[in-house]
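A.B. asks:
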Amino acid sequence: MHHESDRTGPHLGPAEFERLGAEALRWITNYLDRAETLPVAAQVEPGDIRRSFPATPPETGTSLDDLFEVMDEKVVPGLTHWQSPNWFAYFPCNHSFPSILGEMLAAGLGTQGMIWATSPACTELESLMMDWALDAFGLPDRFRTGARDGDGSSDCIGGGVIQDTASSATFCALLAARERATDGVAGRDGVSACPPLVAYTSEHAHSSVEKACGMAGLGRANLRLVPSDPETLAMRPDELERLMDEDAAAGRIPFYVCTTCGTTSSGAIDDTAAISEITRKHGAWLHLDGAMFGVAAICPEFRWVLAGAEHCDSVCVNPHKWLFTNFDCDLFWVADRQALTRALGIMPEYLRNAPSESGKVIDYRDWQVPLGRRFRALKLWLVFRHYGLEGLRTALREHIAIAQEFADMIDADPDWIRCAPSPLSLICIRHRDGDERTQAVLEAINASGEALLSHTKFDDHYVIRVSIGQTRTRLEHVHKLFELLGMHGHG
Ligand SMILES: Cc1ncc(COP(=O)(O)O)c(C=O)c1O
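With positions in the sequence shown counted from 1, the corresponding number in the working numbering is that position plus 776.
(1) If you draw a straight line from the C-alpha of Gly884 to the C-alpha of Phe793, how long is it?
(2) Span of the alpha helix (DSSP H) holding Asp1065?
(3) Can you tell me where the alpha helix (DSSP H) with Trp858 in it begins and where it stops?
(4) Of all the options Asn1222, His1231, Asp965 and Leu950, which has the alpha carbon lying nearest to the alpha carbon of Leu1257?
(5) If we ignore side chains and look at the alpha-carbon of each, how far apart do Glu1259 and Thr977 end up?
(6) Over the uninterrupted beta strand (DSSP E) stretch that includes Ile1178, give me the two end residues.
(7) Given that a residue counts as buried once 16 or more other Cβ atoms are within 10 Å of its Cβ, and exposed if not, what is Asp911?
(8) Quick check on the burial criterion: 16 or more other C-beta atoms within 10 angstroms. Buried or exposed for Gln1246?
(9) Taking only the alpha-carbon atoms, compute the straight-line gap between Ala1060 and Arg1000 and give it to the nearest angstrom.
(10) Based on Cα-Cα distance, which residue from Gly1070, Met1068, Ala953 and Met1011 lies nearest to Ile1029?
(11) Label Leu1168 either buried or exposed according to how many other C-beta atoms from any shown protein chain fall within 10 Å of its C-beta, with 16 as the threshold for buried.
(12) Applying the criterion that 16 or more other CB atoms from any shown protein chain within 10 Å of the CB defines a buried residue, is Asp824 buried or exposed?
(13) Which of helix, strand or coil does DSSP assign to Lys850?
(14) How long is the line joining the alpha carbons of Ser929 and Thr921, rounded to whole angstroms?
(15) Rounded to whole angstroms, what is the Cα-Cα separation between Ala817 and Ile1186?
(16) Using a Cβ-Cβ cut-off of 6 Å (strictly less than) and excluding sequence neighbours within five positions of Phe1078, which residues of its own chain qualify?
(17) Out of curiosity, what's the CA-to-CA distance linking Asn1129 and Gln888?
(18) Can you tell me the Cα-Cα spacing of Ala800 and Leu840, whole angstroms?
(19) Hey, how far is the Cα of Cys1195 from the Cα of Arg1206?
(20) Say the cut is 7 Å; is the CB of Ala1067 nearer than that to a heavy atom of ligand 1?
(21) When the distance is taken between beta carbons, is Ser1230 closer than 8 Å to Gly1043?
(22) So, at 6 Å on beta carbons, what are the nonlocal neighbours of Asp1139 in its own chain, with the 5 sequence-adjacent residues on each side left out?
(23) Assign Ile1122 to one of two classes, buried (16 or more other C-beta atoms within 10 Å of its C-beta) or exposed (fewer than that).
(24) Who pairs with Phe1108 in a beta bridge, going by DSSP?
(25) Taking the alpha helix (DSSP H) that Tyr807 falls in, what are its first and last residues?
(26) On the CB-based measure, 16 or more other CB atoms within 10 Å of its CB, does Tyr1126 come out buried or exposed?
(27) So, Ala1049 versus Ala1083, is the Cβ gap smaller than 8 Å?
(28) The beta strand (DSSP E) spanning Lys1233 covers which residue range?
(29) Taking only three categories from DSSP, how would you classify His787?
(30) Between which two residues does the beta strand (DSSP E) harbouring Cys1034 extend?
(31) Do you know whose CA, among Asp1106, Arg1173, Trp1192 and Ser984, lies nearest Lys1155's CA?
(32) Starting from Ala975, trace the beta strand (DSSP E) in both directions and tell me its first and last residue.
(33) So, Ala811 versus Ser875, is the Cβ gap smaller than 8 Å?
(34) May I ask whether a heavy atom of ligand 1 can be found less than 7 Å away from the beta carbon of Tyr866?
(35) Cβ atoms of Ser1090 and Ala1069: under 8 Å apart, would you say?
(36) For my contact list, Phe1100 and Val1159 are in at a C-beta cut-off of 8 Å; report their separation, rounded to the angstrom.
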């Protein structure tokens, strides 16, 4: 039934919105409830989904009454279910009901917080959430945004901002580093006006570092991928030092080092404290990419994961991976906000306004690549409010405990070899029969739809990554995965 009476011109009316909205909530709850029973990877061929929709937009509006049927029939089969408890691929991208409510509120408010004046609540709740998170993870005060903004004082040095992704944080940190290293010349006159700049990261770091070097015009060839230790798979500080010394001796400027807390391949944790001594010697910017494992620092017993952060110029962690907060939400702190805003700040006439010019407020558009920005702080606020730090610790500890139990099962099984340290929630394994067998097992499990795994390579050898962290993953799901490994990997 189409409720025409509630419409205002072409617009959906409020009563209809409420009715459909309540149905949408029921549908979401039901979807999450049954996600476990669905094949984890989408079982479709390229083009299938597109073909099932009309090729052109409707000329006249149609009722949304069949929306949820169409979702079930046409959209859900094309989903890979990131919120299935049988999700073990890549890293998690988990979420929670409080976070979904936060996303709904942000969508409903429809604000765009590019500058303080375009929604003071968007900016101020965000800077407060960055300080809450800083306290939650035990990060040092030099990254605190502080309450000083807005009360007339402009002596804040560090500060935090919510970026869309860790890739953006890496890129923004690199631009700020370039600004600092060239005293503004690179931003103003271009990199060709500067001596060659060189960046460094572990061979196992995320590809976003390479991408950032390309985007910043440094050239990907000017990123050194530092060899890792064969046991820990973490960046070797001695190798980093050797490379930085060599570059400096050749007249190049070692300007940016990115360490990782939880490398994407193996979950390795670089020794940021040791590396900070080397970066300091060269005056390079040190960025700590804690996208995955940084959030574990919320538990006192895992606070060590961010050791050395106190020596960094910038740090990021991703609540949208493992802290029950919808994608997108990356927390990015800098020790010197001016390096960042000098690199990214801009003031066109059409955005001039008194609060910005007073220097009393933060305009987050100067802390990120885009101008516009969503009200992301709401979902994080609701996550903190609902769980409290204790609730978040309980949830992370449960994931880590079941991951450790899984690691023990692997260690006790003669068919499988654990091939990287697994102190937290990522376990890397290979079959004793070799690469082909390892890959065949992964492909069989993924094709079965019972679970989803992804892979990497160490020394050119195929490795299965078992990444635990979906909100509803429990021990029983990990037991089932172990059985699947046995079923496809035995004999
Ligand atoms: C260590 C690390 N850094 C950065 C990223 C990029 O994450 P995002 O999607 O937030 O850009 C990832 C993604 O898995 C990652 O593992």
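The C-beta atom is built at its ideal place from N, Cα and C for all residues, glycine as well.
C.D. replies: Taking the structure as given:
(1) Looking up residue 884 in the sequence shown gives position 108. Looking up residue 793 in the sequence shown gives position 17. Approximately 11 Å, taken between the alpha carbons.
(2) Taking the first residue of the sequence shown as 1, we reach residue 1065 at position 289. Element bounds for Asp1065: not the alpha helix (DSSP H) but the beta strand (DSSP E), Trp1061 to Gly1066.
(3) Here residue 858 corresponds to residue number 82 of the sequence shown, with the count starting at 1. That residue, Trp858, is in no alpha helix (DSSP H); it is neither H nor E in DSSP.
(4) Position 481 of the sequence shown, counted from the first residue, corresponds to residue 1257. Selected option, being the one with the closest Cα: Asn1222.
(5) Here residue 1259 corresponds to residue number 483 of the sequence shown, with the count starting at 1. Here residue 977 corresponds to residue number 201 of the sequence shown, with the count starting at 1. Each residue's alpha carbon lies about 37 Å from the other.
(6) Translated into the one-based positions of the sequence shown, residue 1178 becomes position 402. No beta strand (DSSP E) contains Ile1178, which is instead part of the alpha helix (DSSP H) from Ala1153 to Asp1187.
(7) The residue you call residue 911 lines up with position 135 of the sequence shown. Exposed.
(8) The residue given as residue 1246 occupies position 470 in the sequence shown. That one is buried.
(9) In the sequence shown, residue 1060 corresponds to position 284, counting from 1. In the sequence shown, residue 1000 corresponds to position 224, counting from 1. So the two alpha carbons sit approximately 14 Å from each other.
(10) As a first step, residue 1029 is located in the sequence shown; it is residue number 253 there, counting from the start. That would be Ala953, whose Cα lies nearest to the Cα of Ile1029.
(11) To locate residue 1168, count along the sequence shown from 1; it is residue 392. Buried, by the Cβ-count rule.
(12) Start at 1 with the first residue of the sequence shown, and residue 824 comes out as number 48. Counting Cβ neighbours within 10 Å, Asp824 comes out exposed, since fewer than 16 surround it.
(13) Taking the first residue of the sequence shown as position 1, residue 850 is located at position 74. Here Lys850 sits in helix by DSSP.
(14) In the sequence shown, residue 929 corresponds to position 153, counting from 1. In the sequence shown, residue 921 corresponds to position 145, counting from 1. Residue placement at Ser929 cannot be trusted, given a pLDDT of 45 that sits under 50; the coordinates are not used to answer.
(15) Sequence index remark: in the sequence shown, residue 817 carries index 41 (1-based). Sequence index remark: in the sequence shown, residue 1186 carries index 410 (1-based). Looking at the two C-alpha atoms, the distance is approximately 24 Å.
(16) Walking along the sequence shown from the start, residue 1078 turns up at place 302. Excluding positions up to five away in sequence, the list reads Ala1072.
(17) Position 353 of the sequence shown, counted from the start, is the residue given in the question as residue 1129. Position 112 of the sequence shown, counted from the start, is the residue given in the question as residue 888. When rounded, the distance between both Cα atoms is 16 Å.
(18) Here residue 800 corresponds to residue number 24 of the sequence shown, with the count starting at 1. Here residue 840 corresponds to residue number 64 of the sequence shown, with the count starting at 1. Using only the alpha carbons, I get a separation of about 11 Å.
(19) On the sequence shown, residue 1195 is found 419 positions in, with the first residue counted as 1. On the sequence shown, residue 1206 is found 430 positions in, with the first residue counted as 1. Cα to Cα, the separation comes out at about 7 Å.
(20) Numbered from 1 along the sequence shown, position 291 holds the residue referred to as residue 1067. The answer is yes for Ala1067.
(21) As a first step, residue 1043 is located in the sequence shown; it is residue number 267 there, counting from the start. As a first step, residue 1230 is located in the sequence shown; it is residue number 454 there, counting from the start. For Gly1043 and Ser1230, no; Cβs fall outside 8 Å.
(22) Position 363 of the sequence shown holds residue 1139. Once the five neighbours on either side are set aside, the close Cβ partners of Asp1139 are Ile891, Trp892 and Ser1132.
(23) Taking the sequence shown and counting its residues from 1, one reaches residue 1122 at position 346. Result: exposed.
(24) What you label residue 1108 is simply residue 332 of the sequence shown in a count that begins at 1. According to DSSP, Phe1108 bridges with Val937 and Cys1092.
(25) Reading the sequence shown from its first residue, position 31 is the one you call residue 807. Run containing Tyr807: Pro790 to Arg810, per the alpha helix (DSSP H) assignment.
(26) Sequence index remark: in the sequence shown, residue 1126 carries index 350 (1-based). Counting Cβ neighbours within 10 Å, Tyr1126 comes out exposed, since fewer than 16 surround it.
(27) Within the sequence shown, residue 1049 is the residue found at index 273, counting from 1. Within the sequence shown, residue 1083 is the residue found at index 307, counting from 1. Yes, Cβ-Cβ distance for Ala1049 and Ala1083 is below 8 Å.
(28) Along the sequence shown, one-based indexing puts residue 1233 at 457. Taken as a continuous stretch (DSSP letters only), the beta strand (DSSP E) holding Lys1233 covers Ser1230 to Phe1234.
(29) Counting from 1 along the sequence shown, the entry for residue 787 is found at position 11. Correct three-state label for His787: strand.
(30) One-based indexing of the sequence shown puts residue 1034 at position 258. Start and end: Ile1029 to Thr1036.
(31) Stepping through the sequence shown from its first residue, residue 1155 is reached at position 379. Here the closest residue by C-alpha is Asp1106.
(32) Locating residue 975 in the sequence shown gives position 199, counting from the first residue. Residues Leu973 to Ser978.
(33) The residue given as residue 811 occupies position 35 in the sequence shown. The residue given as residue 875 occupies position 99 in the sequence shown. No, the pair does not count as a contact, with Cβ atoms beyond the cut-off.
(34) Indexing the sequence shown from 1 puts residue 866 at position 90. Indeed, a heavy atom of ligand 1 lies less than 7 Å from the Cβ.
(35) As a working mapping, residue 1069 is identified with position 293 in the sequence shown. As a working mapping, residue 1090 is identified with position 314 in the sequence shown. Strictly speaking, residue 1069 in this sequence is Phe, with Ala absent from that position. Result no, Cβ atoms of Phe1069 and Ser1090 do not sit closer than 8 Å.
(36) The residue labelled residue 1100 in the question sits at position 324 within the sequence shown. The residue labelled residue 1159 in the question sits at position 383 within the sequence shown. Sure, about 6 Å apart at Cβ, within 8 Å.
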